[in-house]
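A short write-up of the structure that comes next.
In my numbering, the protein residues as written are 227 to 524.
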């Protein structure tokens, strides 16, 4: 075992140097000395890069990682790319990830996919998540499926959730149940599928599936659809669906109606109208209001 490897393993104290003839030079970072590795020792360069990075010496880490990466070490390529990301050198980061990915490094593939996801390039993020999945990354299939949810591709999403489920991902089974049930016409699963689209940022598909579930009588879907409209400032549509939910007995929508109406007078106008519709939530609210008023007057 080389002196540097023994140093990294803790078998040599930081203050104990080997003999003059065989000792690598020492580079000090404050009170933490670290050895300069043989520039022909690729693994040693990688380990020295790790040590320098942990000591906060990014420049030295980049130098060692670069040497090891140029010698073909894919782990060093990934570590170098992470350092370059920290420096804001995106093009160089991507280049080294791609080189590492070309050598079969699944971490590089996964990190590339995350980068393209974060920058809004769905096509490239899907490509690299698929590559990572093919290379054995167990988290990647779920992320491929989630990407297809964002694009509204239900069949593709189902396929990749199946892949993820076969790998033992605990969340994939739930998503599969929702998507398959929605396609089969189950209103509850439609609402769940709409929620998946909503969380993924696909507003169009979220509205579509909430609407379908609501039209089949799912009161939670009515409320959820109203939430989507309220979030985008479409208050008339939001109020319409909150009201429909209360007419179906969904009490949670009342708080949203109180919020949208804003003033007691506007709320009373809504209550009067809803009494004519025999709205059970409005009637219950008025009874409670009257009881509280009578109790206060006693």
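All C-beta atoms in this analysis are idealised placements derived from N, C-alpha and C, irrespective of residue type, glycine included.
Helix, strand or coil: which one does DSSP assign to residue i?
{"i": "residue 351", "result": "helix"}
{"i": "residue 403", "result": "helix"}
{"i": "residue 315", "result": "coil"}
{"i": "residue 286", "result": "helix"}
{"i": "residue 518", "result": "helix"}
{"i": "residue 292", "result": "helix"}
{"i": "residue 323", "result": "helix"}
{"i": "residue 267", "result": "coil"}
{"i": "residue 339", "result": "helix"}
{"i": "residue 415", "result": "helix"}
{"i": "residue 281", "result": "coil"}
Quick one: is residue i buried, meaning 16 or more other Cβ sit within 10 Å of its Cβ, or exposed?
{"i": "residue 450", "result": "buried"}
{"i": "residue 376", "result": "buried"}
{"i": "residue 293", "result": "buried"}
{"i": "residue 354", "result": "buried"}
{"i": "residue 273", "result": "buried"}
{"i": "residue 514", "result": "exposed"}
{"i": "residue 380", "result": "buried"}
Measuring alpha carbon to alpha carbon, tell me which of the options ends up nearest residue i.
{"i": "residue 456", "options": "433, 302, 392", "result": "433"}
{"i": "residue 271", "options": "291, 366, 283", "result": "291"}
{"i": "residue 361", "options": "333, 368, 346", "result": "333"}
{"i": "residue 445", "options": "467, 427, 429", "result": "467"}
{"i": "residue 340", "options": "352, 312, 329", "result": "352"}
{"i": "residue 308", "options": "330, 338, 296, 277", "result": "338"}
{"i": "residue 301", "options": "275, 284, 315", "result": "275"}
Would you please state the rounded distance, in angstroms, between the beta carbons of residue i and residue j? I believe it to be under 8 Å.
{"i": "residue 303", "j": "residue 326", "result": "4 Å"}
{"i": "residue 512", "j": "residue 493", "result": "Their Cβ separation, rounded to whole angstroms, is 11 Å, which puts residue 512 and residue 493 out of contact at 8 Å."}
{"i": "residue 472", "j": "residue 486", "result": "Their Cβ separation, rounded to whole angstroms, is 12 Å, which puts residue 472 and residue 486 out of contact at 8 Å."}
Starting from the N-terminal side, write out each stretch of the beta strand (DSSP E) that is 3 residues or longer and does not extend beyond the stretch 355-401.
-> none
Would you list, in sequence order, the uninterrupted alpha helix (DSSP H) runs of no fewer than 4 residues that lie entirely inside the stretch 450-507?
-> Listed in chain order, they are 461-473, 479-487, 490-502.
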